[in-house]
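Residue numbers (my numbering), protein chains in the order written: chain A, 98 to 603; chain B, 98 to 603. Down below is the structure, laid out as structure tokens.
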């Protein structure tokens with residue numbers, strides 16, 4: 098048997114370095130066509146009925162109502178009813194795909210079309226690791242998670258609130274998070290939205306980081322906002338649209354619907370409502386600035402009928418992942434949906450099964466920007482260190498899936514049987530030798546050794562191996578270079594703003 | 098908030114009783130169309146080249162060579178070269194779908210077409226559970242695994258070697274296994290193949306169990322055989338075809354190809370070889386008896402390039418699962434492929450991620466009969482008790498996925514917004530109340546409780562909860578009724594054969 102030459106620790110470690118990393122994935126794999134055109138049109142018709150007849154509430158932002166009135170919508174109090182044709186004509190000015198420019202151009206990501214971008218979990222107040230257990234996230238945790246995201250090549254995007262740094266006052270937290278994303282990694286990231294001034298800080302710091310020329314001509318930062326389902330858009334959304342899109346930057350609008358609570362309990366109805374909500378916000382971004390980058394978002398979850406608790410990775414949201422991509426493509430809009438979601442508290446069988454079914458349906462359905470693609474635990478309440486590296490390892494496998502495989506004569510092995518007889522083997526054959534280095538995905542955290550070898554190495558389960566891996570990665574972390582003047586400008590900005598802002602914990 | 102009425106332990110336990118169980122799944126979900134017709138035709142053309150030019154070795158069975166010569170194949174020594182047209186015309190007499198009749202007619206399964214049947218792991222010499230660790234399987238283990246399979250409703254079929262009962266002599270083992278499948282469950286099952294006489298015992302006992310009338314007119318037992326890849330068919334296969342198909346019973350032929358060893362290292366080439374091997378065995382079953390039920394099988398695995406060890410749940414076999422269904426449907430043959438496969442030693446994150454990606458691609462691709470759908474660990478070397486019940490819980494979720502969802506006006510919630518305002522909630526709405534009992538899959542082993550509740554209940558991970566569940570199921574097990582005369586006839590047969598056979602351990 099001729100074994101391929103062994104690759105040692107050095108080759109393995111290099112998966113964490115920027116040079117080896119593709120900035121994003123461009124798929125060859127076809128999309129999964131779950132529903133036919135007639136069924137898709139029925140869902141769209143229901144979305145249109147909601148927009149036109151029930152209407153959407155736009156609260157606490159007179160500017161938003163004014164914009165809709167000027168555009169020709171029917172505005173009654175805070176209720177906005179819009180003709181579907183108007184919504185669609187507004188959405189038509191949003192780009193079908195666009196580039197979010199990273200401060201390292203090699204890290205810029207293409208969003209939309211055949212492209213897929215993976216980002217880590219967003220918004221968890223807690224963190225969990227095998228040694229430290231579950232605890233509130235701190236700024237130290239946040240820094241470590243940004244560093245790990247930087248090192249994990251299947252994560253193309255740094256996200257934003259990888260955990261809440263709960264030891265920093267809420268009023269100042271966004272500044273520390275922005276500074277970390279801008280200095281500890283050169284991958285692209287999102288900005289803050291919780292208050293208008295925080296959105297403005299995000300955009301201002303992005304301008305400092307990228308310089309006014311790049312900033313004015315490119316999307317360099319995006320914000321992720323949630324509608325208040327059902328059918329309510331509050332000022333967090335409209336102000337974020339005004340600040341980010343007003344500056345030519347991107348917005349992701351995501352209805353977060355627990356079916357049976359914030360939307361109807363049936364999957365088709367929840368999808369139709371989510372589509373209506375995302376469409377109206379998308380249309381609004383184009384009222385603010387035609388051509389502003391917009392990502393149509395979707396986040397459906399199901400419910401445990403005994404307790405009312407949200408569940409994740411279950412079949413109903415999995416089916417919605419397969420359909421929402423079809424709907425987004427009919428609108429020619431980039432899509433955010435899915436992620437490696439689970440209700441599990443630990444990186445165990447439950448976490449992996451739910452995350453895998455959620456993620457595989459996400460990529461087959463054709464999500465372009467996937468937040469929560471790694472690290473999510475406990476319904477999003479906790480970021481798992483081990484879960485982050487385990488999920489990233491599977492994201493690498495999904496990249497291979499997205500590339501599909503060739504069926505030309507060489508890939509078909511038309512000449513592979515010259516030196517192999519029936520009953521023989523291909524281990525040293527010419528065809529094998531010419532393909533083996535690229536033939537298989539090399540998982541970092543899957544153990545395929547014999548049980549004896551595995552026992553000799555400590556009989557570690559996947560979570561325990563993941564603990565070893567993230568500690569090793571953090572030891573190897575090196576900050577990407579950053580122009581000292583820009584770093585100084587960012588530090589100044591943060592110091593100045595912190596001096597202005599009171600410590601507030603809400 | 099109006100909560101759905103709680104369902105207690107009784108409702109939960111009842112999922113294990115036969116009455117609640119659908120005998121198999123009929124899908125509404127479309128198949129995933131991974132390759133276009135041109136690419137599929139290229140793969141088929143390569144399979145045809147292998148059949149016609151390289152040929153297939155048929156060893157140690159002069160009857161097989163004689164049958165091929167009579168049919169018009171070119172036979173040189175033990176090498177059989179067959180015109181693709183002949184292979185395809187033979188395959189055309191195999192049924193596109195058929196029923197395997199169970200001794201309880203409510204358990205009969207439909208195999209082929211839109212139908213999906215799930216069966217447990219097959220062939221593991223070892224078993225593992227959280228308390229007992231890893232050890233050789235025994236007849237007691239085997240009995241417990243057959244009982245659990247009987248109780249787990251998402252498993253429609255009892256399989257055969259759920260673990261090897263290593264404490265029984267090899268020469269007699271098949272008799273004890275057959276007796277267990279025939280008495281401890283009323284689900285359909287497979288028979289033995291390792292020697293011709295064992296295949297004959299299987300068929301003879303099936304005839305006793307079902308009675309000659311049912312036996313002669315229906316498929317009541319099937320056998321699963323592997324080709325000796327590459328391109329070699331030994332007498333285990335041809336004798337099993339003679340015994341099973343000769344009696345009108347079913348055969349599943351599965352090339353087991355570790356890409357780069359028993360087949361070319363590229364995915365397309367391995368698929369083409371597997372297709373050629375399965376096609377030739379299928380054609381052979383129709384030489385034995387036109388119309389005999391035949392399932393085209395596929396089992397590709399990838400390799401760890403550092404060690405040469407097989408890996409499972411990796412992207413390359415996942416892609417093959419998506420394609421092989423397309424190829425089987427072009428031949429109008431039922432398909433076996435995939436399963437909940439993993440190289441992991443434990444029911445951990447690795448096991449679940451690999452199993453989920455493997456199974457979801459299996460069902461999207463359209464496998465009709467899925468062996469190894471639950472319980473597989475360690476590359477098939479060990480059957481996991483916890484893994485069995487965990488995988489079965491996810492199979493229940495896949496059943497929901499396979500059903501898809503409705504998009505009629507009621508499912509779209511056209512009237513759902515009458516009693517819900519924007520910003521309100523659907524928790525007690527008429528639409529929710531009329532749908533909630535069927536809205537969501539109810540997982541048995543996924544914990545969606547708050548972290549506080551979960552800690553109060555012992556902070557158990559999924560594997561630990563699975564240990565509780567299989568023990569509870571075994572406590573609740575009740576044997577399905579069996580006609581005493583038939584039971585007596587089976588016991589007599591086994592006693593007589595055991596008296597005739599020497600104790601042999603090979």
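Just so you know, even glycine gets a beta-carbon here, dropped at the ideal spot from N, CA and C. Computed from a predicted model, the values in this text were never measured in an experiment.
Query: Nearest residue (CA-CA) to residue 185 of chain B, options B:245, B:361, B:374, B:212; Result: B:374
Query: CB contact flag (residue 435 of chain A, residue 467 of chain A, <7 Å); Result: yes
Query: Segments assigned beta strand (DSSP E), at least 3 residues, entirely inside the segment 224-258 of chain A; Result: 230-233
Query: Bridge partners - residue 426 of chain B, DSSP secondary structure assignment; Result: In DSSP, residue 426 of chain B forms no bridge with anything.
Query: Segments assigned alpha helix (DSSP H), at least 4 residues, entirely inside the segment 168-205 of chain A; Result: 181-188
Query: Neighbourhood of residue 344 of chain A by C-beta, 6 Å cutoff - its chain only, sequence neighbours within 5 removed; Result: 300
Query: CB contact flag (residue 364 of chain A, residue 415 of chain A, <7 Å); Result: no
Query: Cα-Cα separation, residue 216 of chain B to residue 252 of chain B; Result: 5 Å
Query: Any C-beta of chain B under 7 Å from that of residue 178 of chain A; Result: no
Query: Proximity to residue 409 of chain A [Cα-Cα], best of A:437, A:368, A:120, A:279; Result: A:437
Query: Cβ-Cβ distance between residue 337 of chain A and residue 320 of chain A below 7 Å; Result: yes
Query: Residues of the segment 583-600 of chain B with Cβ closer than 7 Å to any Cβ of chain A, in chain order; Result: none
Query: Proximal residues of chain A, C-beta to C-beta of residue 245 of chain B below 8 Å; Result: Neighbours of residue 245 of chain B on chain A: none; closest Cβ ~17 Å, over 8 Å.
Query: Residue 255 of chain A, buried or exposed, once every other Cβ within 10 Å from all chains shown has been counted against 16; Result: buried
Query: Cβ-based neighbour list, residue 407 of chain A, same chain, cut-off 8 Å, excluding 5 preceding and 5 following; Result: 355, 398, 399, 400, 401, 440, 476
Query: Cβ neighbours of residue 538 of chain A in the same chain (closer than 7 Å, five flanking residues each side left out); Result: 493, 494, 497
Query: Closer than 6 Å: residue 601 of chain B CB and nearest the ligand SAM heavy atom; Result: Looking for the ligand SAM in the displayed structure turns up nothing, as the structure carries no ligands at all.
Query: Closer than 9 Å at the beta carbon, the chain A residues around residue 293 of chain B; Result: Result: empty, since nearest Cβ-Cβ is about 21 Å, beyond 9 Å.
Query: Local Cβ density within 10 Å of residue 117 of chain A, reported as buried at 16 or more and exposed below that; Result: Per-residue confidence for residue 117 of chain A stands at a pLDDT of 47, beneath the threshold of 50, marking its modelled position as unreliable; the derived number appears in the next sentence. By the 10 Å Cβ count, residue 117 of chain A comes out exposed.
Query: Residue 328 of chain B at chain A interface by Cβ criterion, 7 Å; Result: yes
Query: Per DSSP, the bridge partner or partners of residue 467 of chain A; Result: A:215
Query: Close beta carbons around residue 239 of chain B, own chain, < 7 Å, minus the five adjacent residues each side; Result: 259, 260, 262, 274, 277
Query: Interface residues of the segment 417-429 of chain B facing chain A [CB-CB below 8 Å]; Result: none
Query: Sheet register partners of residue 320 of chain B (DSSP bridge); Result: B:348
Query: Inter-residue spacing [alpha-carbon to alpha-carbon] between residue 451 of chain A and residue 205 of chain B; Result: 31 Å
Query: Per-residue contacts from residue 376 of chain B into chain A (C-beta, under 9 Å); Result: The premise fails here: residue 376 of chain B is roughly 15 Å from chain A at the closest Cβ pair, so nothing lies under 9 Å.
Query: DSSP three-state assignment for residue 62 of chain B, whether helix, strand or coil; Result: Given that chain B is displayed from residue 98 to residue 603, the structure contains no residue 62 of chain B and the question cannot be resolved.
Query: Cross-chain neighbours of residue 460 of chain A in chain B, by beta carbon under 9 Å; Result: Those within 9 Å of residue 460 of chain A in chain B number zero; the least Cβ separation is about 11 Å.
Query: Below-7 Å beta-carbon distance, residue 110 of chain B vs any chain A residue; Result: Low confidence applies here, because residue 110 of chain B scores a pLDDT of 32, under 50, leaving its location unreliable; read the following figure in that light. False, the Cβ-Cβ gap to chain A never drops below 7 Å.
Query: Cutoff 7 Å: residue 169 of chain A Cβ touching any chain B Cβ; Result: no
Query: Residue 431 of chain A classed as buried or exposed, judged by whether at least 16 other C-beta atoms fall within 10 angstroms; Result: buried
Query: Residue nearest to residue 607 of chain A in terms of C-alpha spacing, selected from B:197, B:164, B:287, B:519; Result: The displayed coordinates of chain A run from 98 to 603. Any statement about residue 607 of chain A would go beyond what the structure contains.
Query: Distance between beta carbons of residue 288 of chain A and residue 316 of chain A, contact taken as under 8 Å; Result: In fact, because the Cβ distance is near 12 Å, the residues do not count as touching under 8 Å.
Query: Delimiting residues of the beta strand (DSSP E) encompassing residue 62 of chain A; Result: One cannot answer for residue 62 of chain A here, as it falls past the ends of chain A, which runs 98 to 603.
Query: Residues that residue 231 of chain A contacts on chain B, provided the C-beta gap is smaller than 8 Å; Result: 548
Query: Bridge-paired residues (DSSP) for residue 155 of chain B; Result: B:330
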